[in-house]
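Have a look at the structure below before the remarks.
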Amino acid sequence: MAALVFPDTTVLCNFAVVRQMGLLEGWLRGRGRWTSAVRFEVGRSRAYHPALGDAVDGRWLGEVIELEGHEEAVERMRLGVFGGMPEEPLKHLGEAQTCYLIRHLSEFEDSWWVTEDGDAYDFGVRSGMQTLRTFEVMQHMVADGDLTAEAALALMRAMEEAGRALLHVPQRPSSFR
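Quick note: the sequence shown, position 39, residue 40 per my numbering, numbers continuous.
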């Protein structure tokens with residue numbers, strides 16, 4: 002598995018709505034990380050998804066990674082790649098920070114990025130980053146023996162029922178194997 006794994010806010014919210022933050026924490030096995038923008042987004046989203054407090058309070062995503070000295074390059078990526086707007090300086094900042102550090106900082110180049118944002122996912126794949134969705138995380142959990150295929154499908158359906166927009170939800174448990 003990757004040296005480090007960067008779940009974005011969408012993925013953290015997916016696990017929070019089904020109260021399975023501990024499952025995600027277990028799969029990360031100490032390798033989870035986040036940038037300052039993702040940490041900020043999670044803090045804001047905590048009002049809607051209180052289970053996100055497990056990530057914030059538990060510190061299982063490690064120390065916040067700051068991109069000091071790279072702000073201009075991150076902003077160019079936020080505006081040019083992710084369609085951010087100057088008048089909305091926080092929109093797409095988490096994606097831009099995470100992609101920038103994985104693509105441009107050698108200590109993070111083998112990291113995995115997990116997102117449920119379609120455009121961000123497509124960019125990550127096109128850019129050659131190891132990019133996963135919630136579905137692939139669930140596949141890994143099944144392969145690792147942390148979850149049955151039936152339980153993975155039930156969780157993904159519960160995420161959808163809770164209003165989460167997932168990029169891919171399989172129809173059968175066999176898709177997780």
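Ideal Cβ placement from N, Cα and C applies to all residues, glycine included.
Candidates the options, of which the one nearest residue i by Cα
{"i": "L91", "options": "A52, V75, H71 and R127", "result": "V75"}
{"i": "R178", "options": "V126, F41 and M139", "result": "M139"}
{"i": "V82", "options": "R32, W113, D123 and E64", "result": "D123"}
{"i": "W61", "options": "A144, Q131 and R30", "result": "R30"}
{"i": "S37", "options": "E64, P174 and L156", "result": "E64"}
7 Å CB neighbourhood of residue i in its chain, flanking five on each side removed
{"i": "A52", "result": "A17, R20 and M22"}
{"i": "A163", "result": "V18 and V19"}
Cutoff 6 Å; reference residue i; Cβ partners in own chain excluding five residues on either side
{"i": "L25", "result": "F16"}
{"i": "A121", "result": "E96"}
{"i": "M130", "result": "I103 and W114"}
CB contact below 8 Å: residue i versus chain D
{"i": "F83", "result": "Absent here is chain D; the protein component of the structure consists of one chain."}
Buried/exposed call for residue i, threshold 16 Cβ in 10 Å
{"i": "D58", "result": "exposed"}
{"i": "V126", "result": "exposed"}
Span of the alpha helix (DSSP H) around residue i
{"i": "L24", "result": "M22 to L29"}
{"i": "V75", "result": "E72 to G81"}
{"i": "T99", "result": "L94 to H105"}
Beta-carbon contacts of residue i that lie in its chain and below 8 Å, excluding the five residues immediately before and after
{"i": "E117", "result": "D9, T11, V12, N15, R134, T135, R165, A166, L167 and L168"}
Residue range of the unbroken beta strand (DSSP E) whose run includes residue i
{"i": "Q131", "result": "Q131 to L133"}
{"i": "F7", "result": "V6 to P8"}
{"i": "V170", "result": "Premise fails: V170 is in no beta strand (DSSP E) and is neither H nor E."}
{"i": "V115", "result": "W113 to V115"}
Reduced DSSP category for residue i - H, G, I as helix; E, B as strand; rest coil
{"i": "V65", "result": "coil"}
{"i": "E89", "result": "strand"}
{"i": "G1", "result": "Outside the shown range of the chain, which is 2 to 178, sits residue 1, and nothing can be said about it."}
{"i": "T149", "result": "coil"}
{"i": "G84", "result": "coil"}
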